[in-house]
Amino acid sequence: MDERPISPALKILAGAMFVFLLAPLIVVVPISFSGDSYMMFPPSSWSTKWYPAIFADGKMVSAFWTSLLLAFVVTVLSLLIGLPAAYALVRLKPRGAEFLSSLFTAPLLLPTIVLGLAILIVFSGYGLLATFQGLVAAHLVVTLPYAIRVLSTALATLPIPVEEAAATLGASPLTVFRRVTLPMMRSGIVGTTALCFLVSFDEVVLSLFMTGPRISTLPVAMYHRVEQQADPLVAALSVLLVVLTLVVVLVVDRTSGLAKTFVK
Amino acid sequence: MSAVAPAAAMAAPMPAAERSSGLPLVVLLLLPIALVNAFGFLAPVFNLLRMSFYESQATGAMVEVYTLATWISVLRDSFYAELILNSILVSLGITLMTLVCSYPIALYLHRSSGTWRTILLVLVISPLLTSAVVRTYGWVAILSENGLVNNALGAIGIAPLKLMFNKTGVVIGLTEILMPYMILALLAGFGRLDPRVEEAASTLGAPPWKVFRHIVVPLTLPGIALGSLLCFVLAVSSFITPKLLGGGRVFLLATEIYDQAIVTLNWPLAATLSILVLVIFGGALVLYTRALRAIM
Amino acid sequence: MTSRTDAPEGFLSIRSLTKRYGDFVAVDTLDLEVPKGELVAFLGPSGCGKTTSLRMIAGLVPATSGRIVVGGSDLTEVATHRRDMGLVFQSYALFPHMSVARNVAFGLEMRKVDKGEIARRVKEAIALVHLTGKEEHRPGQLSGGQQQRVALARALVIRPSILLLDEPLSNLDAKLRDEMRNEIRDIQKRLGITAIFVTHDQVEALTMCDKVVVMNQGRLEQLGTPVELYEAPKTAFVASFVGRSNRLTAVARNGAAEFAGQRIAAPAGLEGPVQVMIRPHRLGLSPASPAATDPARQQVTGTVARAIFAGDILQYDVDVGGQIVSVELATRGGESVIEPGRPVTLSWRPQDIFVYGAAA
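Protein chains in written order, with our numbering: chain Z, 423 to 686; chain H, 330 to 625; chain R, 6 to 365.
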């Protein structure tokens, strides 16, 4: 009743732009059920053959497992490294805390193409190219800034008196952190986990610099496949990835509120 | 045991705990991230700077001799001048398109509420969290010879359009890919937009388009500036979409960096071009700060 | 002889104005005639439909049905920007990106008034609200009271056919509110402008306005001058919302209500349980049992339940046949407070007591 009514012109315009925004995600659905052997829209016949074809493609399957394991390891490490760092920066406030937090989030400001090249050059010297460890390290460089940012915000908005109350009731600093601080940070931790997982799982640019014939991630394998032959197999794979993303987004929304986590 | 002991023990723990363990707690907590940052960010970036002054050889090998050769050849070669100009112009075009396409969505989101708004927000954020490869593939399906647009045109008897493997395809694809960033930046900047203020303007005799021009646009300029900076920067440095939708026929700084680094293996040249990208970033940032000061 | 109920067609004429949101009726067939130059208050609790009515007059909310006519022309379907009404918002709604002078000039610019004329009228309007010297300030640099004045100048400078004020004083502190109240009234009288003033504060409505429209749940409860509303409230809602009243229950039979053994004249047609209203300061209180009876006053006896000395007034809660009646007596000095538990006699003039049906 108090909202400004939305004019029909704006509704139509916004609707059209939403169609544009979602068009590439929507078209992959019918294409994934294509019966053709090459990509064509609309497909001339229909089939579900491309979904089993994904699992028959050894390259894709191994790239998928690599990506999954990579995203898992990177997420766990991001939390293990990011949480103590955020705590130190927000709560212990060492001298230069502000400088340090801008330094730790700086990799986000660098274009990934530049970062990818820079990491490629240095990692090649340590023999880390096309290795799992190398990929983990490269991904951590971009996931940690997100982790620091989300966790710092979560920590900074916690009411300190609650922790003080726990301390006066006899809890040791570690117990306070474990029993009071950590549970209250739940939404920040869920947000960080989702963000780090998706960033790592979807990361292409850094991975393109870091992968080779020996090891590949799913987005890189898909990139190479689209570059050579944009067949409906990629569409089927895309549908699975979009569903995965939606599941993660919905889980985040349920546990901690979407707007709170992503729109800051 | 005197009565003093427990009192001292009570008073001591806070500072003592930190001092007794050799390294202060802060250092221990920050050490892992500092290592990642130093090893994965600072060292590579400084090395990149250094690399641009190395000499490269036709074989792809490098010589650790400091020289300005790469810089001189890049700055002299009209191919690179054109590449840089081209990258900037294409990115500006993409930024403008992104702004025009995102503004209605952002305004609509700003004015909607409740569950409907949450659903729309999910629709905006989900593409952001979906791999650029997937979305670019979707554009291939829409824009290619056998794609949605050309088949639709064919059905009504119009000759197919060349929408891929050229700048058109790159601009369309990147515009869509960057829209979520623009929408979120615009939304963040729409805070000053109070519906009562718009109503005040219309009671004072301003027709809708004048309310938009005199009230809505000026009040959302900070969001427009932020979103434009973000999209320009992302457009200049993106290369997945230009690669796939440009099909090697659209030459931009980012694709050239990748080719030089991975295909030609001329790292000094790639490093030099990377630093040029950073210089363009710096320029955009300066323009942004100036614009912001003029707006506020 | 003029009759209030059959008022001549006013300058602003609202006919059967209705606003529905789904099943919810925000404004229910509102009829109102406002003569030129009058200041009329829309008074009521929040959610009573007063702001929605104002927003319909301004064209910000489309009416579900009914007509809005100003100076003979029907504006119901006319867009806000063509209505020529000056609206002062509760939140002021100043343009944050424009100076004070540009804010005030906006409406004139929209009307394509020529530059020299704009400059002259802006200067005049800013002087009218005592803000000369603040022309180049941004709204953010002004105090709440000053922002309020800018909003007023901005609405007045276009010489609107009607000035609409939506709770304009509610965001000001008490002292400033009194000051602005007088100032708005003075300016409105001096310019002879027709104005609607929406408020939930009965003091504002009574002290500033020529007439007051009391609204409740989307309906017009009563239209009248402040004196009429206070001295002859037509409904129980008006009696309790305008000024304070004791709200007591009684039973009506044959045109009279019986309250604690006292018969009170009741409007014809009322039977069964009724509400009896009387203002605390219109009650007289004397100790002990009825002594010399004043034939002009009615009286009942009760017991003091609580006595509160509040400086200006002495307040008693008196138990009369199980119902608590509040009495306020102005202190004159030297009176002794009657202890709780003591019997007292309450008295009143028959014209001060009102009887309404028990509904609502």
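Each residue gets a CB set at the ideal place from its N, CA and C atoms; glycine is no exception.
Which residue from the options puts its Cα closest to that of residue i?
i      : options                        : result
Z:L505 : Z:Y568, Z:P452, Z:D479, Z:P430 : Z:Y568
Z:M439 : H:L414, H:A398, H:E527, H:L438 : H:L438
R:G248 : R:R154, R:L234, R:R20, R:S175  : R:L234
Z:T603 : Z:G549, Z:A508, Z:S459         : Z:A508
R:K216 : R:V30, R:P40, R:F100           : R:P40
H:N415 : H:K491, H:V500, H:I401, H:L354 : H:V500
H:L359 : Z:G556, Z:A560, Z:I570         : Z:I570
Z:P474 : Z:S454, Z:T579, Z:T614         : Z:S454
R:E172 : R:R143, R:A261, R:E340, R:M213 : R:M213
H:I586 : Z:V441, Z:Q650, Z:A540         : Z:A540
H:G498 : H:A488, H:V545, H:G467         : H:G467
H:V365 : Z:R517, Z:H561, Z:S594, Z:A588 : Z:H561
Z:A652 : H:L515, H:T504, H:A470         : H:A470
R:A301 : R:R354, R:V279, R:A257         : R:R354
R:G15  : R:S21, R:S51, R:D28, R:G77     : R:G77
R:F29  : R:T69, R:A200, R:I283, R:L44   : R:T69
R:R116 : H:S531, H:R578, H:L458, H:T584 : H:S531
H:I544 : R:F359, R:I329, R:G112, R:E43  : R:G112
R:H102 : H:P551, H:L582, H:P433, H:G486 : H:P551
With a Cβ-Cβ cutoff of 7 Å, do residue i and residue j count as a contact?
i      : j      : result
H:S431 : H:M508 : yes
R:A46  : R:G91  : no
Z:S469 : Z:P654 : no
R:P345 : R:V309 : yes
R:V162 : R:K139 : no
Z:D458 : Z:P464 : no
H:S566 : Z:I535 : yes
Z:V661 : Z:V441 : no
R:A31  : R:G64  : no
R:S96  : H:R525 : yes
Z:S489 : Z:L640 : yes
R:V305 : R:L351 : yes
H:N475 : Z:M462 : yes
R:V332 : R:G307 : no
R:A110 : R:V127 : yes
Z:V612 : Z:T565 : no
R:D36  : R:R224 : no
Looking only at DSSP bridge pairs, what is residue i linked to?
i      : result
R:D171 : R:V203
R:K24  : R:V32
R:F94  : According to DSSP, R:F94 bridges with nothing at all.
R:M220 : R:L225
Z:W472 : Per DSSP, none; premise fails for Z:W472.
R:D79  : R:V74
R:D324 : R:T308, R:I329
R:L351 : R:L290, R:V305
R:M282 : R:R252, R:F359
R:F264 : R:Q267
R:F314 : R:L319
H:I609 : Looking at the DSSP assignment, H:I609 forms no beta bridge with any residue, so it has no partner.
How would you call residue i, buried or exposed, if buried means at least 16 neighbouring beta carbons within 10 angstroms?
i      : result
R:A270 : exposed
R:K24  : buried
H:R622 : exposed
H:R440 : buried
R:V134 : buried
H:W596 : buried
Z:V664 : buried
Z:G634 : exposed
Z:S594 : exposed
Z:W472 : buried
R:N221 : buried
R:S341 : exposed
message: Quick check for students: name the residue ranges of the alpha helix (DSSP H) that lie wholly in the segment 128 to 157 of chain R, counting only runs of 4 or more.
response: none
field: alpha helix (DSSP H) runs wholly inside the segment 505 to 550 of chain Z, at least 4 long, in chain order
entry: 519 to 527, 534 to 547
- request: Scan the segment 432 to 514 of chain H and note each continuous alpha helix (DSSP H) run of 4 residues or more that stays entirely inside, going in chain order.
  value: 443 to 457, 461 to 472, 477 to 484
query: What runs of the beta strand (DSSP E), each 3 residues or longer, lie entirely inside the segment 513 to 552 of chain H?
result: none
- request: Could you tell me which uninterrupted alpha helix (DSSP H) segments, each at least 4 residues in length, are contained entirely in the segment 555 to 610 of chain Z, listed from first to last along the chain?
  value: 582 to 590, 595 to 598
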